[in-house]
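What follows is a set of notes on a single structure, which appears directly below.
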Amino acid sequence: MQTDKVPLIITALRVVSLPVLVYFFFQQNKILSIALFLFAVSTDFLDGHIAKKFDTTSKLGSYFDVSADFVFVVGMFSAFIVADIYPEWIIVLITLVFVQFILSNIYTKQTIYDPIGKYYGSLMFGAVGLTLLFPEQLVYNIVIAGIAVCSAASLASRLIYILRLKKKEKIKSGVYTTAM
816 MQTDKVPLII TALRVVSLPV LVYFFFQQNK ILSIALFLFA VSTDFLDGHI
866 AKKFDTTSKL GSYFDVSADF VFVVGMFSAF IVADIYPEWI IVLITLVFVQ
916 FILSNIYTKQ TIYDPIGKYY GSLMFGAVGL TLLFPEQLVY NIVIAGIAVC
966 SAASLASRLI YILRLKKKEK IKSGVYTTAM
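At position 53 of the sequence shown the residue is numbered 868 (the working numbering), and the sequence of numbers has no breaks.
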């Protein structure tokens, strides 16, 4: 097997594990749910580590990794919504952050470094983990607040970056001048 395919296969394992995890969650099998969740989280770290170690990183791999994270997180939050743990709007917020990530990268024709967005996926995995580990209303409320704050901060961070980028482009082209 080619080493450049290994990270993609590991990423795919995260997506494939999702239906099994959802099944265990609805069967209220906490031990297997947490074990499978930890497996999924480990694939998120392992795929990137292997890609860097063997110098097989690619734009396709990066987008596949982010997409797998999105599918996994949305899948788990969908299960949590069906179980009446979280409100439906939480999916809209998570999806909005993912869509703005894709669209802003397409708009700017580059991968935008977003210090908040960089860790957004990790925060979402943390939210899933907390929900599985501590099925208590207080934890659910903390997760909701955390997602709302981090989503707003990520959206604002990208918007500020794009506005600054547009301003730099206008300055370079001579269209925008500052008063002296």
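The beta-carbon is built from N, C-alpha and C at its ideal position, and this holds for glycine as well. Note that the structure is predicted; figures quoted are calculated from it, not measured.
Residue i versus the options, residue with shortest Cα-Cα distance
| i | options | result |
| --- | --- | --- |
| isoleucine 959 | Ile977, Leu908 and Pro822 | Leu908 |
| isoleucine 906 | Phe916, Met891, Ser919 and Leu918 | Met891 |
| leucine 947 | Gly961, Lys820, Ile846 and Lys987 | Ile846 |
| aspartate 819 | Lys874, Ala850 and Leu978 | Lys874 |
| valine 881 | Ile849, Phe916 and Asn844 | Phe916 |
| alanine 898 | Gln843, Phe852, Phe940 and Ser972 | Gln843 |
| phenylalanine 940 | Tyr976, Phe869, Phe852 and Tyr922 | Phe852 |
| leucine 938 | Ile975, Gly961 and Ile977 | Gly961 |
| alanine 968 | Pro950, Ile931, Ile986 and Lys981 | Ile931 |
| aspartate 870 | Ile986, Phe949, Lys985 and Gln817 | Gln817 |
Cutoff 8 Å; reference residue i; Cβ partners in own chain excluding five residues on either side
| i | result |
| --- | --- |
| glycine 876 | Pro822, Leu823, Thr826, Asp862 and Ala866 |
| leucine 911 | Ser966 and Leu970 |
| leucine 945 | Val954, Ile957 and Val958 |
| tyrosine 922 | Ile977 |
For residue j and residue i, believed in contact at Cβ under 8 Å, the rounded distance
| i | j | result |
| --- | --- | --- |
| phenylalanine 885 | phenylalanine 913 | 5 Å |
| tyrosine 800 | tyrosine 955 | Given a span of 816 to 995 for the chain in the structure shown, any question on residue 800 remains unanswerable. |
| alanine 883 | valine 830 | 5 Å |
| serine 919 | arginine 979 | Not confirmed; about 12 Å, so no contact. |
| phenylalanine 854 | serine 832 | 6 Å |
Beta-carbon contacts of residue i that lie in its chain and below 6 Å, excluding the five residues immediately before and after
| i | result |
| --- | --- |
| methionine 995 | Summary for methionine 995: the model assigns pLDDT 48, below 50, so the residue's position carries little reliability, and this model does not support an answer. |
| alanine 894 | Val837 and Phe840 |
| alanine 963 | none |
| glutamate 903 | Ile896 |
| glycine 936 | Asp884 |
| isoleucine 849 | Leu947 |
DSSP-derived helix/strand/coil call for residue i
| i | result |
| --- | --- |
| isoleucine 826 | The question names isoleucine, yet the displayed sequence has threonine at residue 826. Helix. |
| methionine 995 | Note that methionine 995 scores 48 on pLDDT, short of 50, meaning its location in the model is unreliable; the coordinates nonetheless yield the value given after this. If DSSP states are grouped into helix, strand and coil, methionine 995 belongs with coil. |
| serine 873 | coil |
| lysine 820 | coil |
| glycine 890 | helix |
| proline 834 | helix |
| tyrosine 901 | coil |
| glycine 989 | coil |
Close beta carbons around residue i, own chain, < 7 Å, minus the five adjacent residues each side
| i | result |
| --- | --- |
| threonine 872 | Ala866 |
| serine 857 | none |
| leucine 828 | Thr858 |
| proline 834 | none |
Neighbour flag for residue i against chain B, beta carbons, 8 Å
| i | result |
| --- | --- |
| serine 882 | Among the chains of the structure shown, chain B does not appear; only one protein chain is present. |
In chain order, what are the residue ranges of uninterrupted alpha helix (DSSP H) at least 4 long that sit wholly in the stretch 911 to 967?
932 to 948
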